[in-house]
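Visitor: In our numbering, the protein residues as written are 9 to 418.
Next comes the structure, spelled out in structure tokens:
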């Protein structure tokens, strides 16, 4: 019972920590491209391309570091990693408020990537201490913390930036990140999970990779993570520029915040519901449904003629992808032994960050050379192909299992 109460307490505390982390990071996203414009007189193409690179470079370091942090977490505990991550994020965002050119911003975004992954590590912490049959629901509840932060962050960020300027907003935002480190340090109690006698207590990295490769559906779920992130982040760097085209320059940071937050609102409404539904009918089935739904609602974004149409579509996008992260994490929790879950989730995070790295660059280049509409077309196609690929993988896996079962009965 004490362990159960500790688990509930940890979920509640991590909810608030994720809220502060997600809110702080997304506060600056709506005006990052606008911040670059303040460094000099640049062409639209220059700003769009550098916005893409500034977004993407964070995930280069995160791509490399995530499996390492995951393995360290498996061995020494995840609480320490969460504290280090939050503090590193706070320091990097604080220093961004003092940059004077795009290269300084670029390198600080790179430094930030070393510590990016707080939310994924928090999911690993809660996931390993949650029974498999309710993992989707619990992780969905945890996800609402980061979603709420992501929802409120752009709105507050836009209002604050319009009031006190971009640089000062970075400096004040860092306070919430430092506060997250304090919340985890004081509040989280991490207990050791008891494994079955026949279950290994540790795995080598080679064994972890072989476990992933030998399970085609698990491997496909992880690869789909990359394409989802490419699709999601392709529009992020140039969304504020698209809002400017649709609405004009009046209160641009605020209306960019509305566009960012609309997806968060839909996500907030559905994350826990998708997780609970997936616990009941299957994680992969829900993932396929969400991917196809997201592809359908992304496509019309290329044809909007005013800001409110864009906001409605962003809301519907949030509804359709609201369960992808908790459902995906719950599936990995189901398919990976306890002793390797941190590293498996680390590889999944690394793959996601690889998508985060490609997405902004792809979006910046597509919009720079073919116009912003091209970003919506390509993104919609990626999501649809991902859904079909996952369905095909599940179908082939079931066929193999049927054949294997018939042979064993014979």
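Built from N, CA and C at the ideal position, the CB exists for glycine as well. Since we're looking at a predicted model, the values are computed, not measured.
Given this structure, state the Cα-to-Cα distance separating residue 205 from residue 183, to the nearest angstrom.
Guide: In this predicted model, residue 205 has a pLDDT of only 48, less than 50, meaning its place in the structure is not dependable; the value taken from the coordinates is given anyway. Looking at the two C-alpha atoms, the distance is approximately 45 Å.
Visitor: From residue 60 to residue 272, what distance separates their C-alpha atoms?
Guide: Spanning the two alpha carbons is a distance of roughly 21 Å.
Visitor: Output needed for residue 37: all residues of its chain with C-beta closer than 7 Å, excluding positions within five of it in sequence on either side, in chain order.
Guide: Cβ within range, chain order: 162, 244 and 268.
Visitor: Select from 390, 280, 242 and 381 the residue whose C-alpha is nearest the C-alpha of residue 300.
Guide: Ranking the options by Cα distance to residue 300, first place goes to 390.
Visitor: Mind the definition here: the stretch 26-45 touches the stretch 333-352 only if three or more C-beta pairs lie below 8 Å; say whether that holds.
Guide: Output reads no: the stretch 333-352 does not touch the stretch 26-45.
Visitor: Can you tell me whether residue 116 is buried or exposed? The criterion is at least 16 other CB atoms within 10 Å of its CB, across all chains shown.
Guide: It is buried - the Cβ of residue 116 has at least 16 other Cβ atoms within 10 Å.
Visitor: So, using beta-carbon positions, are residue 185 and residue 21 closer together than 9 Å?
Guide: The answer is no: Cβ separation not under 9 Å.
Visitor: Using only CA atoms, which one of 125, 109, 227 and 154 lies nearest to residue 50?
Guide: Looking at the Cα atoms, 109 is the closest of the given residues.
Visitor: Return helix, strand or coil for residue 205, following the three-state DSSP convention.
Guide: Low confidence applies here, because residue 205 scores a pLDDT of 48, under 50, leaving its location unreliable and the question unanswered by this model.
Visitor: When we look at the beta-carbon of residue 218 and count the other beta-carbons within 10 Å, is it buried (16 or more) or exposed?
Guide: Exposed, since its Cβ has fewer than 16 Cβ neighbours within 10 Å.
Visitor: Taking contact to mean 3 or more Cβ pairs, one atom from each stretch, closer than 8 Å, check whether the stretch 340-360 and the stretch 68-78 are in contact.
Guide: Yes, they touch.
Visitor: Distance, Cα to Cα, residue 43 vs residue 344?
Guide: Residue 43 and residue 344: Cα-Cα distance of roughly 42 Å.
Visitor: From which residue to which residue does the alpha helix (DSSP H) around residue 364 run?
Guide: Here the alpha helix (DSSP H) through residue 364 covers 349-378.
Visitor: Return the first residue and the last residue of the alpha helix (DSSP H) that residue 250 is part of.
Guide: Note, residue 250: alpha helix (DSSP H), 247-255.
Visitor: Do residue 126 and residue 94 come within 9 Å of each other at the CB atom, strictly closer than that value?
Guide: Yes; because the gap between Cβ atoms is below 9 Å, this pair is in contact.
Visitor: Nearest-angstrom Cα distance between residue 275 and residue 323?
Guide: Cα to Cα, residue 275 sits roughly 8 Å from residue 323.
Visitor: Please report the straight-line C-alpha distance between residue 302 and residue 236, rounded to a whole angstrom.
Guide: If I take the Cα positions, the gap works out to 10 Å.
Visitor: Can you tell me which of the three DSSP states residue 410 falls into?
Guide: DSSP places residue 410 in helix when its eight states are reduced to three.
Visitor: Measuring only the C-alpha atoms, how far is residue 320 from residue 270?
Guide: Using only the alpha carbons, I get a separation of about 7 Å.
Visitor: In angstroms with no decimal places, state the Cα-to-Cα distance between residue 395 and residue 348.
Guide: Each residue's Cα considered, the two are about 27 Å apart.
Visitor: Does DSSP classify residue 314 as helix, strand or coil?
Guide: Reduced to three states, the DSSP call for residue 314 is coil.
Visitor: Check whether the Cβ atoms of residue 232 and residue 402 sit closer than 9 Å, and answer yes or no.
Guide: Not a contact, by the Cβ cut-off of 9 Å.
Visitor: Provide the residue span of the alpha helix (DSSP H) that contains residue 244, from first to last.
Guide: Run containing residue 244: none; DSSP gives neither H nor E here.
Visitor: Taking 8 Å as the line, does the beta carbon of residue 132 fall inside it for any heavy atom of the ligand ZN?
Guide: As far as ligands go, the structure on display features none, and thus does not contain the ligand ZN.
Visitor: Between residue 166 and chain C, is the shortest Cβ-Cβ distance under 9 Å, so that the two count as touching?
Guide: The structure shown contains no chain C, having only a single protein chain.
Visitor: Assign residue 343 to one of three DSSP states: helix, strand, or coil.
Guide: Helix, per DSSP.
Visitor: Residue 103 and residue 47 - do their beta-carbons sit closer together than 9 Å?
Guide: Not a contact, by the Cβ cut-off of 9 Å.
Visitor: Kindly indicate which three-state DSSP category residue 148 falls into: helix, strand or coil?
Guide: In the structure shown, residue 148 sits in a helix (DSSP, three-state: H, G or I).
Visitor: Between the Cα of residue 39 and the Cα atoms of 239, 64 and 173, which residue gives the shortest distance?
Guide: Closest by alpha carbon: 173.
Visitor: Do you know how far the Cα of residue 52 is from the Cα of residue 370?
Guide: Cα-Cα distance, rounded: 16 Å.
Visitor: For residue 106, count the other beta carbons within 10 Å of its own beta carbon; 16 or more makes it buried, fewer makes it exposed. Which is it?
Guide: Exposed, by the Cβ-count rule.
Visitor: From which residue to which residue does the alpha helix (DSSP H) around residue 86 run?
Guide: First-last of the alpha helix (DSSP H) with residue 86: 86-104.
Visitor: Going by the beta-carbon positions, is the gap between residue 65 and residue 118 smaller than 9 Å?
Guide: Yes, they are a contact pair.
Visitor: In chain order, what residues of the same chain have a beta carbon less than 8 Å from the beta carbon of residue 246, not counting five sequence neighbours either side?
Guide: Closer than 8 Å at the Cβ level, and outside the excluded window around residue 246, lie 41, 56, 59, 60, 371, 372, 375, 380 and 383.
Visitor: Which residue comes first and which comes last in the alpha helix (DSSP H) that contains residue 134?
Guide: Residue 134 -> alpha helix (DSSP H) spans 126-136.
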